[in-house]
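Peer 1: Sharing a structure here in structure tokens format.
Residue numbers (this note's numbering): 11 to 339.
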């Protein structure tokens, strides 16, 4: 971070974060200072509006922490233009080896997703595995969603999905910010890609206007899937025509390859993901324990994260509905 006093390099050990959501939300934090705001994309970057910050402040004197706080406040609370250089977080390698010989799309995923109970269990297990990593920013999470429950994925770079488990069934909304099918690619018109919602049952209509999924009143999605409680398979919009592939690394035109980890047993998928994303080895047997939804023990938590323990994650894990082993007296 550079200002009139000089330049300070902020190491990774300082927990400074800036998250931009696909629906125009911004959250920046450093130490105990948090700023929540809205942002709008401009030709030169983005404008921040409606910024609100916590009343608590940093009482220390670590120059790197102070620099991070100064930088965040400059980007979010200052009336002046700020130049920022951003290094994206490491992303797991995107690969699906289903033998299609072409990019994977929503119809492929619809044919591979498991039943609702199995899908819920896999989502819950992924969320618990992420909670145990203890980063404070989970790639996968599981939470209450009004009267329903939801599994979420967010990679911190603008790609995300939400799987809402409700009384009527399950609704999946996914957004890939680099996809040619993005509403933002349509310019000021913000048009949803044709066909995405064709055939959507009225039971799921409320999700199309869900504020968490929308920018202003426009649904932000590159893929939508659904399954009612009375259905025996998954559905997607009828007659979607996908954009042409942009090269050998364009493995999914709508970003639905990100749901691929849920289409098979998650053990190997999560081991590969965590090895890439966290750049560390991970105990496969412990991952298998969690994937099977066996009661969580202190030994399993420590096998996945030697710096943690069951006591440290008990409350958050319990909130997901995952079973926890009884304490031994």
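Idealized CB from N, CA, C, for every residue including glycine. In this text, all values refer to a predicted model and were calculated from it rather than measured experimentally.
One question on the structure: do residue 157 and residue 265 come within less than 8 Å of each other, judged by their Cβ atoms?
Peer 2: Against a cut-off of 8 Å, the Cβ pair of residue 265 and residue 157 comes out as no contact.
Peer 1: Where residue 61 and residue 302 are concerned, what is the direct C-alpha to C-alpha distance, given to the nearest angstrom?
Peer 2: 43 Å
Peer 1: Could you tell me the boundaries of the beta strand (DSSP E) in which residue 300 lies?
Peer 2: Run containing residue 300: none in the beta strand (DSSP E); it sits in the alpha helix (DSSP H), 294-301.
Peer 1: Identify the continuous alpha helix (DSSP H) that holds residue 279 and give its terminal residues.
Peer 2: It spans 276-287 - the alpha helix (DSSP H) in which residue 279 sits, taken as one unbroken run.
Peer 1: Do residue 139 and residue 1 have their beta-carbon atoms positioned less than 8 Å apart in this structure?
Peer 2: As shown, the chain starts at 11 and ends at 339. That puts residue 1 outside it, with no answer to give.
Peer 1: Residue 202 to residue 325, Cα distance in whole Å?
Peer 2: Residue 202 and residue 325 have their alpha carbons spaced roughly 39 Å apart.
Peer 1: State yes or no: is the C-beta of residue 149 within less than 8 Å of the C-beta of residue 163?
Peer 2: yes
Peer 1: What first and last residue would you give for the alpha helix (DSSP H) that runs through residue 191?
Peer 2: No alpha helix (DSSP H) holds residue 191; DSSP gives it neither H nor E.
Peer 1: From residue 206 to residue 195, what does the alpha carbon distance come to, in whole angstroms?
Peer 2: 15 Å
Peer 1: Relative to the C-alpha of residue 327, which residue among 84, 72, 126, 144 is closest?
Peer 2: 144
Peer 1: With a threshold of 6 Å on Cβ separation, who are the neighbours of residue 332 within its own chain once the five nearest residues in sequence on each side are excluded?
Peer 2: 134, 138
Peer 1: Find the nearest neighbour of residue 45 within the set 81, 273, 17, judged by alpha-carbon distance.
Peer 2: 81
Peer 1: Roughly how many angstroms lie between the CA atoms of residue 250 and residue 300, to the nearest whole one?
Peer 2: For residue 250 and residue 300, the distance between alpha carbons rounds to 37 Å.
Peer 1: Between the region 227-243 and the region 174-190, do three or more beta carbon pairs fall short of 8 Å?
Peer 2: yes
Peer 1: Quickly, what does DSSP pair residue 44 with across the bridge? List them, please.
Peer 2: According to DSSP, residue 44 bridges with 39.
Peer 1: In or out: residue 336 buried (at least 16 other Cβ within 10 Å) or exposed?
Peer 2: exposed
Peer 1: Which whole-angstrom value describes the C-beta separation of residue 268 and residue 281, a residue pair presumed to lie in contact below a C-beta threshold of 8 Å?
Peer 2: No, residue 268 and residue 281 are not in contact; Cβ-Cβ is about 17 Å, not under 8 Å.
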